[in-house]
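Chains as they are written, first to last, in the numbering used here: chain A, 1 to 455; chain B, 456 to 910. Ideal Cβ positions, reconstructed from N, Cα and C, are used throughout, including at glycine. See below for the structure under consideration.
Protein chains: 2
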Amino acid sequence: MPDLEAALAYAKDHQADFLEEFLSFLRVPSISTLPDHQEDMHKAANWIKKQLERFGFDSVAVMPTGGHPVIYGEWMKAGKDAPTILFYGHYDVQPPDPLELWISEPFEPQIRGENLFARGASDMKGQIVAHLKAVESLLSTSSLPVNLKYLIEGEEEIGSPNLGAFITENKNLLSCDLCLNGDSSILAPDMPAISISLRGLAYFEIRVQGAAGDLHSGTFGGAVDNPAIVLCKLIAGMRDDLGRITLPGFYDHVRPLSKTERAEMVSMPDEWWMEQSGAAMLFGEQGYSPTERATVRPTLDVNGMVSGFIGEGSKTVLPAQAMAKISMRLVPDQHPERIKNCLEEYLRTNAPPTVTWELEAMATCPPAIVERDSSAVHAASRALEAVWGVKPVFQRQGGTVPVVGLVQDLLGVDSLMLGFGLPDDNLHAPNEKMHLPNFRRGIETYIRFMLEFSS
Amino acid sequence: MPDLEAALAYAKDHQADFLEEFLSFLRVPSISTLPDHQEDMHKAANWIKKQLERFGFDSVAVMPTGGHPVIYGEWMKAGKDAPTILFYGHYDVQPPDPLELWISEPFEPQIRGENLFARGASDMKGQIVAHLKAVESLLSTSSLPVNLKYLIEGEEEIGSPNLGAFITENKNLLSCDLCLNGDSSILAPDMPAISISLRGLAYFEIRVQGAAGDLHSGTFGGAVDNPAIVLCKLIAGMRDDLGRITLPGFYDHVRPLSKTERAEMVSMPDEWWMEQSGAAMLFGEQGYSPTERATVRPTLDVNGMVSGFIGEGSKTVLPAQAMAKISMRLVPDQHPERIKNCLEEYLRTNAPPTVTWELEAMATCPPAIVERDSSAVHAASRALEAVWGVKPVFQRQGGTVPVVGLVQDLLGVDSLMLGFGLPDDNLHAPNEKMHLPNFRRGIETYIRFMLEFSS
């Protein structure tokens, strides 16, 4: 029989060990987007594999995919009548650049105050370790109240290109009653939350080509067009002064929010958004609060752009090429494929004949909504309230978790988003951190959730 | 007594040696803008110093400046009644990037057909070597008909920031009757030319800052502004659809061209510009030919820009910063300082309050016109006609040669622009080249010019 009190006592007694293991996992620079880190990816995968083996999991394997491998492992000894949970996580992290803005090294974790700084600390090695340590706390003292499977992928930060095929090929292996997804965050250290909606993603690279090669701006400036200026004009035209996206048909399938839905949203004040982002002033679609704009309204952002000479000093080049990475966050019922058509139509209509252009879809994911009135959400609510002492809020997240759509489509199960990151954790940015009190509360919450969900 | 025929014969006999020396000079990667090449800059300077010492020049020295050194040397044995020519050149070259577009290594010269490919071949080590070899041909067989001084700087490609101070401090040393400037080109291999006007330059870096650091586009997208989009909007607004620059007051001081001036310009057909640039279609200010737009009309170009993540793959970052290098080519009587005011006023008026911005002036030079009806221009005409068999055309150049304005202001002498580059030499671009027949005709032209100018 699972013993809650013994597990909680074990977790408390082993805080120092848990932290040490967390640090060793963070030291592996498992950057999925950079080919140089192939070996680190395997190192991170094996780190998890060893944990599951230590706990006595069965069928533990680093399984190949078309890209980085997936770690699988299962503990099915709770019996046929107990529910089966699939814990989803990703062991890959974002590239750390710009490196010069990190206070400590991204892969040399450093504790400053209550925070642990390292790339991947919050997104999402912290959540993976928290769940592993919840499992360890139960198994070291009694047993698990649920059957448990792990699906830890290595390509979330590059849009999970091989996860769909992997789940399709391993449907039986992955069959479950619920996907527990740790890749999420709460609003503040004292405000536990469950995420009930996610935005989708449509990420593109646009390449504009002018002359055949770079030219001298003195010899040719004025005679031929400048692809960087052309790209700027194209990007400038994608958003109006009221923050509305002007791609033709972009808003056509946006499901309107009801007054009730808008009213019950936990909207943080402008000051909170300014503090969290470090922006001196906010900006976005007129008629919506910053929280709405960042969670339930679609957006368009330039994620990167480059053209010509960007080194120190002055080079008088008239560039031949210009490139921009542009992505849209999507809300129900927008679809990445339809959004690509909108962008293509916009470029066809607006790109001048002085350049040629290419559009490449890089990563896509539909938006998702999860069922609020379910046993999983109720169990999570009880677990969170027991640990935090307050009822959780139901939040809509602005980010994208590709696996949620895949798990719904391919395994037919809902995902419960239950993670413990914070909005100021600097995800995808320099000085990413994990709030250590939250890391410890996360372990306790996962222990309690498994027990609540089994009853 | 100077002996023309003997000098020409010497040049003909030593073609192979001259080429070998040219190659050895090209192998020195004297990139002035990159701090890593400090040593190469000295190597290139010493290469020239040794040549002048070999010819028996006096006062040969590599002279320090606030930046890269200047090479000086003089041959004053033509006597008090002979004119004194100051030969100006620069031994620095542009950075070679993007490296992947070079067919052969930029600093491993390669001859393909009639062309010699290497960074700096045409801009302008080829012209320096051609003049040195003209001097060698005369001195090895007889003597020079003129007094000659060399002023070879190492900072032309970064806007000659220390040349003004150097000339000011060495006014007596550099006193002369004419500055012969080899940093120019002709229109086609069979079309010799003398340049009579140059455009000026105003080069800026604009830096736009949004949030304090890079943000996750899922968490913050929609709530805060995107500095890359802001920069694109600012750049997009600098040029209208007719190719006119929209900065307030930009055209205020442009001296109108008379009908006669426009009529006598050698305007190359559209097809020529398309072939030279490799652009499938031309674009520029409405109402002017491509040649006019590239030589006697001012322009605005983006020379480079960067923001966010520009590596392979997709990173969903909302960048904190965006930067663009923007430069204007100026015509009489525009002035860089006034143009900076135009740009500043534009940014003040148009930049939104969601970002902060900085404007840095990087390199500036006023436009220049040289005297057409002078003994120098007549001598050059005769020399060019003797070598090419056709009369030269008088051309207006679109590029910028900062020293021309300095020499006029500080030494009170005109500059004769007499160089042998070609429009398709890929200056400042991958696969820069020198047309070798032109290199040899250049040597003969310089020999003949010195004789013509002395008579």
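Report task. Kindly indicate which residue of B:S615, B:R699, B:Q493 and B:E610 has the alpha-carbon position closest to the one of T754 of chain B. Result -> When each option's Cα is compared against that of T754 of chain B, the closest is B:R699.
Requested in this report: Step through the CB atoms of chain A and report whether any lies within less than 9 Å of the CB of F849 of chain B.
Outcome: Not closer than 9 Å to any Cβ of chain A, the Cβ of F849 of chain B fails to qualify, so no.
**Report entry** Among A:A361, A:T260 and A:L347, the one whose alpha carbon lies nearest that of V355 of chain A
**Finding:** Comparing alpha-carbon positions, the option among A:A361, A:T260 and A:L347 lying closest to V355 of chain A turns out to be A:L347.
Query - Within chain B, the residues that L215 of chain A reaches when beta carbons sit closer than 7 Å - result: By Cβ distance, chain B contributes S732 and A884.
Query raised in the report: Apart from the five residues just before and just after S597 of chain B, which ones in its own chain have a Cβ nearer than 8 Å to its Cβ?
Result: Only residues of its own chain outside the window of five on either side were considered, and among them M456, P457, D458, A461 and A462 have a CB closer than 8 Å to the CB of S597 of chain B, listed in chain order.
**Report entry** Range covered by the beta strand (DSSP E) that runs through C820 of chain B
**Finding:** Run containing C820 of chain B: T811 to C820, per the beta strand (DSSP E) assignment.
**Report entry** Unbroken stretches of the alpha helix (DSSP H), 4 residues or longer, contained in the region 11 to 71 of chain A
**Finding:** Segments of the alpha helix (DSSP H) lying fully in the region 11 to 71 of chain A: 15 to 26 and 38 to 54.
Report task. Anything in chain A within Cβ reach of F738 of chain B, meaning under 7 Å, just list it in chain order. Result -> Under the 7 Å cutoff, chain A gives V224, D225 and T354.
Query raised in the report: Does the beta carbon of F250 of chain A come closer than 9 Å to any beta carbon on chain B?
Result: Chain B, which has no Cβ nearer than 9 Å to the Cβ of F250 of chain A, makes this no.
Report task. Apply the 10 Å Cβ neighbour rule to R509 of chain B and answer buried if 16 or more other Cβ atoms are within range, or exposed otherwise. Result -> Exposed: under 16 other Cβ atoms inside 10 Å.
Query raised in the report: So which of B:A779, B:A775 and B:I607 has the shortest CA-CA distance to G311 of chain A?
Result: It is B:A779 whose Cα lies nearest to the Cα of G311 of chain A.
**Report entry** Contacts of D756 of chain B in chain A (Cβ-Cβ under 7 Å)
**Finding:** For D756 of chain B, the C-beta contacts it makes with chain A under 7 Å involve S217, G221, N226 and L318, in order along the chain.
Report task. Give a yes or no on whether the C-beta atoms belonging to L318 of chain A and I167 of chain A are separated by under 9 Å. Result -> Not in contact: L318 of chain A and I167 of chain A (Cβ atoms no closer than 9 Å).
Query raised in the report: At a cut of 8 Å, does the region 710 to 723 of chain B reach the region 739 to 750 of chain B through at least three beta carbon pairs?
Result: Contact between the region 710 to 723 of chain B and the region 739 to 750 of chain B is present, because at least three Cβ pairs lie under 8 Å.
Requested in this report: For V208 of chain A, name the three-state secondary structure that DSSP assigns.
Outcome: In the structure shown, V208 of chain A sits in a strand (DSSP, three-state: E or B).
Query raised in the report: Using a Cβ-Cβ distance under 9 Å, would F572 of chain B count as near chain A?
Result: It does not: the Cβ of F572 of chain B has no partner Cβ on chain A nearer than 9 Å.
Report task. Please go through the same chain and pick out, in chain order, the residues whose beta-carbon is closer than 8 Å to the beta-carbon of S454 of chain A, but skip the five residues on each side of it. Result -> Around S454 of chain A: P2, A78, A82, P83, P145 and V146.
Query raised in the report: Taking Cβ positions only, does R255 of chain A come closer than 9 Å to chain B?
Result: So, not an interface residue.
Query raised in the report: What residue does the beta strand (DSSP E) around K888 of chain B start on, and which one ends it?
Result: Secondary structure note for K888 of chain B: its beta strand (DSSP E) is the uninterrupted segment K888 to H890.
**Report entry** Residue from A:R448, A:L416 and A:I186 with nearest C-alpha to R382 of chain A
**Finding:** Closest option to R382 of chain A, Cα to Cα, is A:R448.
Query - Neighbourhood of E153 of chain A by C-beta distance below 6 Å, restricted to the same chain and skipping five residues each side - result: For E153 of chain A, same chain residues with a beta-carbon under 6 Å away, outside a window of 5 residues either side, are V70, H90 and L163 in chain order.
Query - Contact set for V868 of chain B: own chain, Cβ-Cβ below 7 Å, skip 5 residues either direction - result: Exclusion of the five residues before and after V868 of chain B leaves C631, D632, L633, C634 and V862 as the residues of its chain whose Cβ lies within less than 7 Å of its Cβ.
Query raised in the report: In this structure, does DSSP put F705 of chain B in helix, strand or coil?
Result: In the structure shown, F705 of chain B adopts coil according to DSSP, grouped into three states.
Query raised in the report: How big is the Cα-Cα spacing for S605 of chain B and A657 of chain B?
Result: A quick correction: the sequence has Tyr, not Ser, at residue 605 of chain B. Straight-line spacing of the CA atoms in Y605 of chain B and A657 of chain B works out to 28 Å.
**Report entry** Proximal residues to N805 of chain B (C-beta, below 7 Å), its chain only, five neighbours per side dropped
**Finding:** Hits under 7 Å: L689 and G692.
Query raised in the report: What residues are listed by DSSP as bridge partners for Q110 of chain A?
Result: Paired residue(s): A:F117.
Query - When B:G511, B:D788 and B:E624 are compared against P711 of chain B, the one with the closest alpha-carbon - result: Distances from the CA of P711 of chain B to each of B:G511, B:D788 and B:E624 were compared; the closest alpha carbon is that of B:D788.
**Report entry** Host alpha helix (DSSP H) of N172 of chain A (start-end)
**Finding:** Membership of N172 of chain A in the alpha helix (DSSP H) is indicated by the continuous run K171 to L174.
Query - Bridge-paired residues (DSSP) for W75 of chain A - result: Per DSSP, A:L148.
Query raised in the report: What does a CB cutoff of less than 8 Å around D425 of chain A pick up in its chain, not counting 5 residues either side in sequence?
Result: Within the same chain, D425 of chain A has close Cβ partners A121, S122, D123, S185, E432, K433, M434 and H435.
Report task. Measuring only between beta-carbons, confirm whether E157 of chain A sits less than 9 Å from chain B. Result -> With a threshold of 9 Å between beta carbons, E157 of chain A makes contact with chain B.
Query - DSSP-derived helix/strand/coil call for A537 of chain B - result: Coil at A537 of chain B, not helix or strand.
Requested in this report: Rounded to whole angstroms, what's the CA-CA distance from S258 of chain A to C797 of chain B? Just pull it up for me.
Outcome: Between the C-alpha atoms of S258 of chain A and C797 of chain B there is a straight-line separation of about 49 Å.
Report task. Since I believe A380 of chain A is in contact with V404 of chain A (beta carbons under 8 Å), could you give me their beta-carbon distance rounded to a whole number of angstroms? Result -> Between V404 of chain A and A380 of chain A, the beta carbon gap of about 15 Å keeps them out of contact (Cβ cut-off 8 Å).
Requested in this report: Identify which residue in A:F25, A:P189, A:K133 and A:A193 has its Cα closest to the Cα of Q15 of chain A.
Outcome: For the residues A:F25, A:P189, A:K133 and A:A193, the minimum Cα distance to Q15 of chain A belongs to A:K133.
Query - Proximity winner among A:P352, A:F420, A:S195 and A:G398, relative to A376 of chain A (alpha-carbon distances) - result: Measuring from the Cα of A376 of chain A, the nearest candidate turns out to be A:S195.
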